[in-house]
Amino acid sequence: MKKENNTEQLRLWNLAWPIFIETALYMLLGFVDVLILSKYDDLAASAVGTANQAVSIAAIIFTVVSSASAVLISQYLGAKKNMAASRVAALSIVLHLAAGVVISGVFVFFHRPILRMIGAEGRLLDFAGQYLSIVGGFLFLQALMTAMSVIVRNHGKTKITMFVTLGMNLFNTLLDTVLVLGLFGLPKMGVTGVAIATSLSRVAGTAVLAAVLFTRVEKPSIFRLLKPLPWRDVRDIFKIGIPAALETFLYNLSQLVITSIVLNYLTETELITKTYVQNITMFFYLFAIAIGQASQIIVGHLVGAEQYGEAHRQCLSSYRRALLIMAAVCGMGTLFRVPLLEIFTDDAQCIALGANVLLINLFLEFGRTTNLVIIACLRGAGDVYFPSVCAIVSNWAVSVGGAYLFAVVFGWGIYGLWIALAADESLRGILMIVRWHSCRWRGKRVVKE
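Numbering-wise, our numbering comes out as the position in the sequence shown, counting from 1, plus 4.
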């Protein structure tokens with residue numbers, strides 16, 4: 005039994021470490037954008053963060069299909085139904101592309117009204133509009149990459165997407181540096197330069213990932229499996245995907261509402277500090293994201309094969325490891341919080357505020373790690389409704405309500421904001437642990453004989 009457990013843990017790490025590196029590199033795309041813009045204009049850096057919140061909300065539509073197709077593909081593969089897995093893969097690509105084209109058009113024509121709804125005004129609106137009009141117009145490429153990455157990952161080939169993201173990162177960093185700072189005699193393009201760099205890197209990444217997908221994982225002929233249209237798969241995708249996307253949508257929408265609230269009550273220094281702290285802390289939970297996504301793949305395969313006991317043990321084992329790694333990473337990040345903030349700014353007030361917020365953030369990360377791992381395992385098992393209900397209650401009652409109460413009513417500013425966010429993550433984390441131990445997810449298997 006001990007040897008079997010060690011083999012399974014090795015499988016977890018074999019899947020998780022490429023996902024970790026890929027996710028780190030993907031986050032680094034945004035990190036580099038903000039870092040280089042911080043050398044150009046602090047408000048421009050903050051504007052990109054504001055615009056990306058709108059992109060995140062729109063991209064949640066992709067989550068409807070991607071989250072469901074991940075569950076279906078992993079469970080079909082676990083049940084040894086490879087043709088059914090290929091059929092879902094083809095359907096996922098088509099649905100992602102259709103949604104991406106529509107959303108790209110919305111951003112091209114309505115980017116400024118969308119940003120005003122968030123609360124952007126003046127120079128912040130101008131900077132964010134420049135960015136969103138370009139990046140939003142190419143969002144259909146992100147949709148395609150999302151679809152293809154899900155397919156490749158759930159076949160266990162996580163290294164492929166890692167290398168594609170690495171190439172995108174290098175390309176984006178090179179273009180960012182040249183276009184934003186105006187090297188080699190080019191004009192300084194600022195936010196527009198960042199938007200062009202991000203979009204061109206997605207063009208390259210989509211092309212490479214498509215080439216690899218259809219030569220190493222699937223064949224172009226999988227689209228023939230869509231004739232006649234598999235309505236059962238369409239039904240299952242929306243049945244699973246809508247609740248899963250609703251959870252992500254409500255979370256991101258709550259963050260937009262919070263941003264709209266705090267834009268009117270936080271100082272410009274606090275807003276800039278918020279952007280920098282968020283860019284630092286996103287690296288704190290990278291391991292949890294990687295372990296959660298790897299665990300979802302494994303749990304999906306195990307549930308598809310009806311090995312429920314092994315799935316239960318796998319989730320708890322993954323969660324323990326994620327907590328230990330998170331504690332170590334957060335401890336180091338907190339210890340060196342001042343040097344990390346100094347990477348972005350030399351403003352003493354920003355650094356002092358950010359250093360205090362990073363201390364509060366320790367409590368937030370324990371809850372966030374729990375949610376990232378256990379919710380991923382619940383999704384892998386096909387249990388998507390309970391996390392969505394919890395998101396509705398906690399995101400709005402605790403996160404949004406708490407942000408207004410602590411940051412505005414009590415006047416605690418950015419500190420009150422972080423307390424509310426930490427309370428939200430912690431409450432949902434407790435509920436997810438209770439749900440997993442209840443074993444009610446065992447009756448949520450999607451793939452039927």
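Just so it is clear, CB atoms sit at the ideal spot from N, CA and C, and this is done for glycine as well. As the structure is a prediction and not an experimental result, all values here were calculated from the model.
- [ ] Flag this pair as yes or no: are the beta carbons of residue 290 and residue 172 separated by less than 8 Å?
- [x] Within the sequence shown, numbered from 1, the residue matching residue 290 stands at position 286. Within the sequence shown, numbered from 1, the residue matching residue 172 stands at position 168. Cβ distance not < 8 Å, so residue 290 and residue 172 don't count as in contact.
- [ ] Determine the closest residue to residue 336 out of 320, 317, 222, 365, with distance taken between C-alpha atoms.
- [x] In the sequence shown, the residue the question calls residue 336 occupies position 332. With distances taken between Cα atoms, residue 336 lies closest to 365.
Open item on the list: Quick check on residue 422: does DSSP put it in helix, strand or coil?
Closed with: Here residue 422 is taken as the residue at index 418 of the sequence shown, counted from 1. Here residue 422 sits in helix by DSSP.
TODO: Taking only runs that begin and end inside the segment 195-226, name each unbroken beta strand (DSSP E) of 3 or more residues, in chain order.
DONE: none
Task: Beta carbon of residue 195 nearer than 8 Å to that of residue 52 - done: Working through the sequence shown from its first residue, we reach residue 195 at position 191. Working through the sequence shown from its first residue, we reach residue 52 at position 48. Yes, the Cβ-Cβ distance between residue 195 and residue 52 is below 8 Å.
Task: Reference residue 233; option with closest CA among 316, 95, 348, 247 - done: Walking along the sequence shown from the start, residue 233 turns up at place 229. Out of 316, 95, 348, 247, 95 has the C-alpha closest to the C-alpha of residue 233.
Open item on the list: Does residue 441 pass the burial test, meaning 16 or more other C-beta atoms within 10 Å, or should it be called exposed?
Closed with: Taking the sequence shown and counting its residues from 1, one reaches residue 441 at position 437. Exposed, since its Cβ has fewer than 16 Cβ neighbours within 10 Å.
Open item on the list: Once DSSP output is grouped into helix, strand and coil, what is the label at residue 243?
Closed with: Residue numbering aside, residue 243 sits at position 239 when the sequence shown is read from its first letter. Note: residue 243 maps to helix in three-state DSSP.
- [ ] Identify the continuous alpha helix (DSSP H) that holds residue 123 and give its terminal residues.
- [x] Residue mapping note: residue 123 aligns to position 119 of the sequence shown, counting from 1. Taken as a continuous stretch (DSSP letters only), residue 123 belongs to no alpha helix (DSSP H), as it is neither H nor E.
Task: Touching by the beta-carbon criterion (3+ pairs, under 8 Å), the segment 242-249 and the segment 383-398 - done: yes
TODO: Using beta-carbon positions only, say whether residue 252 and residue 354 come within less than 8 Å of one another.
DONE: Here residue 252 refers to the residue found at position 248 of the sequence shown. Here residue 354 refers to the residue found at position 350 of the sequence shown. Taking 8 Å as the Cβ cut-off, residue 252 and residue 354 do not qualify as a contacting pair.
- [ ] Tell me, to the nearest whole angstrom, how far the beta carbon of residue 429 is from that of residue 368; I am working on the premise that it is less than 8 Å.
- [x] One-based indexing of the sequence shown puts residue 429 at position 425. One-based indexing of the sequence shown puts residue 368 at position 364. Going by Cβ atoms, the distance from residue 429 to residue 368 rounds to 5 Å, so yes, they are a contact pair.
TODO: Could you have a look at residue 443 and say whether DSSP puts it in helix, strand or coil?
DONE: The residue given as residue 443 occupies position 439 in the sequence shown. Coil at residue 443, not helix or strand.
Open item on the list: Measuring only the C-alpha atoms, how far is residue 311 from residue 151?
Closed with: Counting from 1 along the sequence shown, the entry for residue 311 is found at position 307. Counting from 1 along the sequence shown, the entry for residue 151 is found at position 147. Straight-line Cα distance between these residues: approximately 27 Å.
Task: Unbroken stretches of the alpha helix (DSSP H), 4 residues or longer, contained in the segment 390-422 - done: none
TODO: Leaving out five residues on either side along the sequence, give the residues of the same chain with a beta carbon under 6 Å from the beta carbon of residue 78.
DONE: Within the sequence shown, residue 78 is the residue found at index 74, counting from 1. For residue 78, where only same-chain residues beyond five positions count, the Cβ hits under 6 Å are 158, 301, 304, 305.
Task: Residue range of the alpha helix (DSSP H) that includes residue 309 - done: Taking the first residue of the sequence shown as position 1, residue 309 is located at position 305. Unbroken run through residue 309: none, as it is neither H nor E.
Task: Alpha carbon of residue 464 to alpha carbon of residue 153, nearest angstrom - done: Residue 464 lies beyond the range of the chain shown here (5 to 453); nothing can be said about it.
Task: Assigned exposure category for residue 350 - 16 Cβ within 10 Å defines buried - done: To locate residue 350, count along the sequence shown from 1; it is residue 346. That one is exposed.
- [ ] Just mark residue 8 as buried or exposed, buried being the case when its beta carbon has 16 or more other beta carbons within 10 Å.
- [x] One-based indexing of the sequence shown puts residue 8 at position 4. Confidence in residue 8 is poor, its pLDDT being 41 and thus under 50, which makes the residue's placement unreliable; the coordinate value appears in the next sentence. Flag for residue 8 reads exposed.
Task: Expected contact under 8 Å - CB spacing of residue 206 and residue 114 to nearest Å - done: Locating residue 206 in the sequence shown gives position 202, where the first residue counts as 1. Locating residue 114 in the sequence shown gives position 110, where the first residue counts as 1. Residue 206 to residue 114, Cβ: 21 Å. No contact.
- [ ] Within its chain, find whatever has a CB closer than 6 Å to the CB of residue 134; leave out the 5 residues flanking it on each side and keep chain order.
- [x] Counting from 1 along the sequence shown, the entry for residue 134 is found at position 130. These residues qualify, in order along the chain: 195, 196.
TODO: Please name the residue, chosen from 190, 163, 155, 200, that lies closest to residue 175 on a Cα-to-Cα basis.
DONE: To locate residue 175, count along the sequence shown from 1; it is residue 171. Out of 190, 163, 155, 200, 200 has the C-alpha closest to the C-alpha of residue 175.
TODO: Out of 25, 42, 20, 15, state which residue places its alpha-carbon closest to the alpha-carbon of residue 346.
DONE: Mapped onto the sequence shown, residue 346 falls at position 342. Considering only alpha carbons, the answer is 42.
TODO: Pull up the distance between the alpha-carbon of residue 210 and that of residue 316, whole angstroms please.
DONE: Within the sequence shown, residue 210 is the residue found at index 206, counting from 1. Within the sequence shown, residue 316 is the residue found at index 312, counting from 1. If you take the alpha carbons of residue 210 and residue 316, they lie about 36 Å apart.
- [ ] Rank 56, 74, 132 by C-alpha distance to the C-alpha of residue 381 and give the top, closest one.
- [x] As a first step, residue 381 is located in the sequence shown; it is residue number 377 there, counting from the start. Nearest C-alpha to residue 381: 74.
Open item on the list: If we define contact as Cβ-Cβ less than 8 Å, is residue 175 a contact residue for chain C?
Closed with: In the displayed structure, chain C is absent; only one protein chain is listed.
- [ ] Count the other C-beta atoms from every protein chain shown that fall within 10 angstroms of the C-beta of residue 373, then say buried if there are 16 or more, exposed otherwise.
- [x] Start at 1 with the first residue of the sequence shown, and residue 373 comes out as number 369. Result: buried.
- [ ] Return the chain-ordered list of same chain residues with a C-beta closer than 7 Å to the C-beta of residue 298, the five sequence neighbours on each side being excluded.
- [x] Your numbering for residue 298 matches position 294 in the sequence shown. Closer than 7 Å at Cβ, skipping near neighbours: 16, 19, 20, 23.
Open item on the list: Please report the distance separating the alpha-carbon of residue 229 from that of residue 67.
Closed with: Residue numbering aside, residue 229 sits at position 225 when the sequence shown is read from its first letter. Residue numbering aside, residue 67 sits at position 63 when the sequence shown is read from its first letter. Taking the straight line joining both Cα atoms gives about 23 Å.
Open item on the list: Applying the 10 Å Cβ sphere with the 16-neighbour rule, what's the burial state of residue 395?
Closed with: Here residue 395 is taken as the residue at index 391 of the sequence shown, counted from 1. It counts as buried.
Task: residue 233, DSSP secondary structure in three states - done: The residue labelled residue 233 in the question sits at position 229 within the sequence shown. Residue 233: coil per DSSP, three-state reduction.
- [ ] May I ask you to verify whether the segment 416-428 touches the segment 106-125, counting CB pairs closer than 8 Å and requiring at least 3?
- [x] no
TODO: Over the uninterrupted alpha helix (DSSP H) stretch that includes residue 83, give me the two end residues.
DONE: Indexing the sequence shown from 1 puts residue 83 at position 79. Element bounds for residue 83: n/a, residue is neither H nor E.
Open item on the list: Buried or exposed for residue 443, going by 16 or more other Cβ atoms inside 10 Å?
Closed with: Your numbering for residue 443 matches position 439 in the sequence shown. It is exposed - the Cβ of residue 443 has fewer than 16 other Cβ atoms within 10 Å.
- [ ] Excluding the 5 residues preceding and the 5 following residue 186 in the sequence, name in chain order all residues of the same chain whose CB lies nearer than 6 Å to its CB.
- [x] As a position in the sequence shown, residue 186 is number 182, starting the count at 1. Here the set comprises 192.
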